[in-house]
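J.: In our numbering, the protein residues as written are 1 to 245. Idealized CB from N, CA, C, for every residue including glycine. The structure under discussion is supplied below as structure tokens; questions concerning it will follow.
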Amino acid sequence: MSVQGPQQVLELANVCRNFGDGATAVAALRDVDLTIAAGEFVAVMGPSGSGKSSLLALAGGLDRPTSGTVFVESTPLSGLGLNELARLRRRAVGYVFQYFNLVPTLTAAENVALPLELDGTATRKAHRQALDALRQVGIPELADRFMDQMSGGQQQRVAIARAIVGERRLILADEPTGALDSTTGQGVMEVLRARADAGAAVMLVAHEARHAAWADRVVFLRDGRIVDQAAAMHDPAILLAQAGY
1 MSVQGPQQVL ELANVCRNFG DGATAVAALR DVDLTIAAGE FVAVMGPSGS
51 GKSSLLALAG GLDRPTSGTV FVESTPLSGL GLNELARLRR RAVGYVFQYF
101 NLVPTLTAAE NVALPLELDG TATRKAHRQA LDALRQVGIP ELADRFMDQM
151 SGGQQQRVAI ARAIVGERRL ILADEPTGAL DSTTGQGVME VLRARADAGA
201 AVMLVAHEAR HAAWADRVVF LRDGRIVDQA AAMHDPAILL AQAGY
């Protein structure tokens, strides 16, 4: 039975995710139990194919588990229809994808404001909040630019602004610094850390130990299972060894 605490934002309870059937089935996640509280920053590490991206997709309702239950703010996602699930994602969950997933025909500010407007926020208010989010990631001057007028790093910062706009309670980031130089990448980690310190639950998929060190806790995945959890350390060699690199 799931025990829901008032500060718990995300819970995965005995979650499995299989792809395919029978002898050809591949288990991406196996019996995963994980909770993240409000104000907690959790990094997920593991070798390629360990299930990190699958875990993130299930946590945000982009995919459904084969078995087990995912809760976001005490709501079981399995009980929601497609429209209800979409509303919950717009209201409560912010995503940062590896490949941005921005709309090329919209400006930076319009991309950031889009989830707010889809959820019923007035255009002017959504635009103000979008500009504030762009300021937080250091690119307010790019608000009126289209995607083909930006570098990959700038587009990634737009994607991060879209994820944090509207004070969402759960932020899911899939290697958000992959397209950024080290200085800009550190700025992104500072934004995610600040969001957690302000009360959001943050889950970060990380390959680099220096990024995982920003977290409160590091979860290690291997072959679809959580094999260890530990408080974040500042020794990259220890983190990488535990992650299986």
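#1: List in chain order: all unbroken beta strand (DSSP E) runs of 3+ residues lying wholly within the region 191 to 241.
#2: Are the Cβ atoms of A159 and F220 separated by less than 8 angstroms?
#3: Per the contact definition of three or more C-beta pairs closer than 8 angstroms, is the region 192 to 212 in contact with the region 138 to 149?
#4: Grouping DSSP H, G and I as helix and E and B as strand, with all else coil, what is R169?
#5: Could you check the C-alpha separation between V70 and T123 for me, to the nearest Å?
#6: I139 by DSSP, collapsed to three states: which one?
#7: Which of helix, strand or coil does DSSP assign to N14?
#8: Please list the terminal residues of the continuous beta strand (DSSP E) segment that includes R30.
#9: Once the 5 residues before and after I36 are set aside, which same chain residues still bring their CB inside 7 angstroms of it?
#10: Quick one: using the 10 Å Cβ neighbour count with 16 as the cut-off for buried, is P76 buried or exposed?
#11: Assign F100 to one of two classes, buried (16 or more other C-beta atoms within 10 Å of its C-beta) or exposed (fewer than that).
#12: Using DSSP bridges, identify the partner residues of T69.
#13: Three or more C-beta pairs under 8 angstroms: does that hold for the region 176 to 195 against the region 206 to 220?
T.: Answer, in terms of the structure:
#1: 201 to 205, 217 to 222 and 225 to 231
#2: no
#3: no
#4: coil
#5: 32 angstroms
#6: coil
#7: strand
#8: V26 to A37
#9: V9, L10, V42, A201 and M203
#10: exposed
#11: buried
#12: A13
#13: yes
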